[in-house]
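**Q** Following this message is one structure expressed as structure tokens.
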Amino acid sequence: MISSKPLDIPCSLQERKVLEKIALAAHELGVPAYLIGGFVRDKLLGRKTKDMDIVCVGDGITLAHKVGQSLGDNIPVSFFKTYGTAQVKWNDLEIEFVGARKESYRQESRNPEVTAGTLQDDQNRRDFTINAMAISLRDIDYGTLLDPFEGLADLDRKLIRTPLAPEQTFSDDPLRMMRAIRFASQLQFTIEESAFAAIRSNAERIRIISQERITDEFNKIMLSSKPSVGLDLLYKSGLLKIIFPQMIDMVGVEMYEGKGHKDNFYHTLQVVDNISENTRDLWLRWAALLHDIGKPATKKFEPGHGWTFHGHDAVGGKMVTRIFTRLKLPLGDKMKLVKKLVELHLRPISLTKENITDSAIRRLLFDAGDDIESLMMLCEADITSKNRTKVKRYLENFELVRKRLKEVEESDKIRNWQPPVTGEMIMETFGLKPGRIVGDLKNAIREAILDGHIPNTYEAAYAFLLEKAGELNLTPVK
Ligand code: CTP
Numbered sequence: 006m007i008s009s010k011p012l013d014i015p016c017s018l019q020e021r022k023v024l025e026k027i028a029l030a031a032h033e034l035g036v037p038a039y040l041i042g043g044f045v046r047d048k049l050l051g052r053k054t055k056d057m058d059i060v061c062v063g064d065g066i067t068l069a070h071k072v073g074q075s076l077g078d079n080i081p082v083s084f085f086k087t088y089g090t091a092q093v094k095w096n097d098l099e100i101e102f103v104g105a106r107k108e109s110y111r112q113e114s115r116n117p118e119v120t121a122g123t124l125q126d127d128q129n130r131r132d133f134t135i136n137a138m139a140i141s142l143r144d145i146d147y148g149t150l151l152d153p154f155e156g157l158a159d160l161d162r163k164l165i166r167t168p169l170a171p172e173q174t175f176s177d178d179p180l181r182m183m184r185a186i187r188f189a190s191q192l193q194f195t196i197e198e199s200a201f202a203a204i205r206s207n208a209e210r211i212r213i214i215s216q217e218r219i220t221d222e223f224n225k226i227m228l229s230s231k232p233s234v235g236l237d238l239l240y241k242s243g244l245l246k247i248i249f250p251q252m253i254d255m256v257g258v259e260m261y262e263g264k265g266h267k268d269n270f271y272h273t274l275q276v277v278d279n280i281s282e283n284t285r286d287l288w289l290r291w292a293a294l295l296h297d298i299g300k301p302a303t304k305k306f307e308p309g310h311g312w313t314f315h316g317h318d319a320v321g322g323k324m325v326t327r328i329f330t331r332l333k334l335p336l337g338d339k340m341k342l343v344k345k346l347v348e349l350h351l352r353p354i355s356l357t358k359e360n361i362t363d364s365a366i367r368r369l370l371f372d373a374g375d376d377i378e379s380l381m382m383l384c385e386a387d388i389t390s391k392n393r394t395k396v397k398r399y400l401e402n403f404e405l406v407r408k409r410l411k412e413v414e415e416s417d418k419i420r421n422w423q424p425p426v427t428g429e430m431i432m433e434t435f436g437l438k439p440g441r442i443v444g445d446l447k448n449a450i451r452e453a454i455l456d457g458h459i460p461n462t463y464e465a466a467y468a469f470l471l472e473k474a475g476e477l478n479l480t481p482v483k
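If you use my numbering, the sequence shown corresponds to residues 6 to 483, in order.
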């Protein structure tokens, strides 16, 4: 009886039930089946996982259909005949079936020649020892961990190592270079020395991988608990130079007349780690990654003053669009948010250097809108000074800015605010068609309110409009 046999990995009741059904279906079809890859790895690490990969020595699609039937009526089974893979969704589990394969790659292509193989062939072609472990679902050794490459020991040693020669593993499928670094960052593992050397020598081959897949791995690095681990490895491996050259422009410290500036690359990595302690939001982490991206282009040495980066916020904001386009990141609201935060990232800091006037606070609230909290989070993450007194002073100033933001927002409700006199009202009042004059009048009203010259009321705004329009010889039509 299979169900009485223990598994070498911890599984929930539901997972055990599914595995037993798969084992039974495989037994009835006469095909040996195994649970393999990420699920086994993550269970051994105590990480959450819902994706099961089943490999069988036979036809994965036939096995998937049989498992689908045994799990109940109307269990959808989707399959891709060309790849010989099938997927069954059951409750929150996604179970992927495939026949064991042997793969051989040619230098010029990513597409391997695939033939049917044994479990051992299938384990050989996998990327890392920790991903090549399998749990048998056969009758004779149900539940046993089959670990030909000492993956379990590598989990213990926290080591990323390839089953075969690393040169071959990475050359076969160059995406694995990104995966190695992603796992190192996600799991806080070390990449074995010879494997890392192979990544360095194969880095150029990343060019044959689609941008979407590269960016997918990059984002997983960004979402790891300490993204600097992966980002630094990307840099040291030579991959970053190929996939994201603008980051490389930030590396290093230039000296002139005995004065240097901070290394903007490592400062950025620290800011990304800092913000990651407070948010799992990918786009806030991206804002941290790009906040100083305009620095290399704006860097100047001003005699008597030192290094300056004037306008790096605006230049950086412009670069966001180009970078998002090149990396095939989404170009809608997420990009707008990142761009806005990059553009505004100096504003709260500059507020702390002068008197914090109501109008400066109102402007900041108006420009940041609902993203004001995210902006403050970025600015706090941006403090990476080693000087404790300085850090303390910055944080206290930010506290003050936050307090003032709250007060001004409570009294003025500027967040998501629209001036009380709209463009339509202006056109109607003076019989104007849409055009520059309407825009100018609208802006003048908004500026007057934000600067505190007139109160934020319809009456005051309308009176101000009449006055401004009068200067342009406009008179109301009614
Ligand atoms: N695999 C591989 N080479 C790749 C991608 C995947 O050898 N380029 C193998 C690994 O054995 C991996 C398994 O296929 O464990 C499943 O791949 P995937 O689902 O992409 O990754 P996981 O390892 O499950 O990790 P994650 O879910 O975090 O992406």
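For glycine and all other residues, C-beta sits at the position ideal for the given N, C-alpha and C.
These numbers were taken from a predicted model, which means no experiment stands behind them.
#1: Would you say the beta carbon of R488 comes nearer than 6 Å to a heavy atom of the ligand CTP?
#2: In three-state DSSP terms, what is R106?
#3: Taking only runs of the alpha helix (DSSP H) that begin and end inside the stretch 265-347, which ones reach a length of at least 4 residues, in chain order?
#4: Quick check: what's the CA-CA separation for R21 versus G374?
#5: Could you work out which residue in A319, M255 and D268 is closest to P301 when comparing CA atoms only?
#6: Go ahead and label Y147 buried or exposed: buried means 16 or more other beta carbons lie within 10 angstroms of its beta carbon, across all protein chains shown.
#7: Less than 6 Å between C-beta atoms, sequence neighbours within five positions excluded: which residues of the same chain meet that for F249?
#8: Taking only runs of the alpha helix (DSSP H) that begin and end inside the stretch 408-439, which ones reach a length of at least 4 residues, in chain order?
#9: Restricting to Cα atoms, I'd like to know which of P425, P153 and K48 is closest to A453.
#10: With a threshold of 16 other CB atoms inside 10 Å of the CB of K418, please say whether the residue is buried or exposed.
#11: Are the CB atoms of N269 and D237 nearer to each other than 7 Å?
#12: Which residue or residues does DSSP assign as beta-bridge partners of F84?
#13: To the nearest angstrom, report how far apart N136 and L18 are at their CA atoms.
#14: Would you report the Cα separation of L369 and K304, rounded to the nearest angstrom?
#15: Going by the beta-carbon positions, is the gap between E292 and L332 smaller than 7 Å?
#16: Which of helix, strand or coil does DSSP assign to T220?
#17: CA-CA distance, H70 and V93?
#18: Count the other CB atoms, across all protein chains shown, that sit within 10 Å of the CB of H310; report buried if there are 16 or more and exposed otherwise.
#19: Just how far apart, CA to CA, sit I145 and L160?
#20: With a Cβ-Cβ cutoff of 7 Å, do F435 and L479 count as a contact?
#21: Rounded to whole angstroms, what is the Cα-Cα separation between T284 and K246?
#22: With distances taken Cα to Cα, identify the nearest neighbour of E33 among L12, L142 and L124.
#23: Apart from the five residues just before and just after K344, which ones in its own chain have a Cβ nearer than 8 Å to its Cβ?
#24: Compute every distance between the C-beta of D297 and the non-hydrogen atoms of the ligand CTP, then say whether any falls below 6 Å.
#25: Just checking my contact of E101 with T90 at CB under 8 Å: how many whole Å lie between their CB atoms?
#26: Check whether the Cβ atoms of L356 and V406 sit closer than 7 Å, and answer yes or no.
#27: Taking P37 and V62 to be in contact with their CB atoms under 8 Å, please state how far apart those CB atoms are, rounded to whole angstroms.
#28: According to DSSP, is L151 helix, strand or coil?
#29: Report back the beta-carbon spacing between L124 and V45 to the nearest angstrom; my notes put them in contact at under 8 Å.
#30: Which same chain residues end up closer than 8 Å to F403 when comparing Cβ atoms and leaving out the 5 residues on each side of it in sequence?
#31: Does the beta-carbon of R131, which I'm using as the reference point, lie nearer than 6 Å to any heavy atom of the ligand CTP?
#32: Span of the alpha helix (DSSP H) holding A365?
#33: Tell me where the alpha helix (DSSP H) around C384 begins and ends.
#34: By alpha-carbon positions, which one of T462, E262, T389 and R441 ends up nearest to W422?
#35: Are there any heavy atoms of the ligand CTP lying less than 6 Å away from the beta-carbon of D126, as far as the coordinates show?
**A** Quick answer:
#1: Summary: the structure shown does not reach residue 488, with the chain confined to residues 6 through 483, and so no result is reported for it.
#2: Annotated three-state conformation of R106 is strand, per DSSP.
#3: The stretch 265-347 contains these whole alpha helix (DSSP H) runs: 269-281, 287-295, 300-303 and 317-331.
#4: In this structure, the CA atom of R21 is about 50 Å from the CA atom of G374.
#5: For P301, the closest of A319, M255 and D268 by C-alpha to C-alpha distance is M255.
#6: By the neighbour-count rule (16 or more Cβ atoms within 10 Å), Y147 is buried.
#7: Cβ neighbours of F249 beyond the five flanking positions: none.
#8: Taking only runs of at least 4 residues, the alpha helix (DSSP H) segments lying wholly in the stretch 408-439 are 428-435.
#9: Closest option to A453, Cα to Cα, is P425.
#10: Exposed: under 16 other Cβ atoms inside 10 Å.
#11: Inclusion of N269 and D237 in the CB contact set at 7 Å is not warranted, their separation being larger than that value.
#12: Note: F84 is bridge-paired with A91 in the DSSP secondary-structure output.
#13: Cα to Cα, the separation comes out at about 23 Å.
#14: Their backbone Cα atoms lie some 26 Å apart in a straight line.
#15: Reading off the sequence, residue 292 comes out as Ala, not Glu. Taking 7 Å as the Cβ cut-off, A292 and L332 do not qualify as a contacting pair.
#16: DSSP places T220 in helix when its eight states are reduced to three.
#17: One alpha carbon belongs to H70, the other to V93, and they sit about 8 Å apart.
#18: Per the 10 Å Cβ criterion, exposed.
#19: C-alpha separation (whole angstroms): 26 Å.
#20: Yes, the pair counts as a contact, with Cβ atoms nearer than the cut-off.
#21: K246 has its alpha-carbon roughly 27 Å from the corresponding atom of T284.
#22: With distances taken between Cα atoms, E33 lies closest to L142.
#23: G322, V325 and T326.
#24: No, Cβ of D297 sits at least 6 Å from all heavy atoms of the ligand CTP.
#25: Going by Cβ atoms, the distance from E101 to T90 rounds to 6 Å, so yes, they are a contact pair.
#26: Yes, the Cβ-Cβ distance between L356 and V406 is below 7 Å.
#27: Rounded, the Cβ-Cβ distance is 5 Å, consistent with contact.
#28: If DSSP states are grouped into helix, strand and coil, L151 belongs with the strands.
#29: The pair is not a contact, with the Cβ atoms about 13 Å apart (cut-off 8 Å).
#30: The residues are P353, T357, M381, C384 and E385.
#31: Checking every heavy atom of the ligand CTP against the Cβ of R131, one is found closer than 6 Å.
#32: Following the DSSP letters along the chain, one finds A365 inside the alpha helix (DSSP H) bounded by residues D363 to A373.
#33: For C384, the enclosing alpha helix (DSSP H) stretches over residues I377 to A386.
#34: That would be T462, whose Cα lies nearest to the Cα of W422.
#35: No, the ligand CTP has no heavy atom inside 6 Å of this Cβ.
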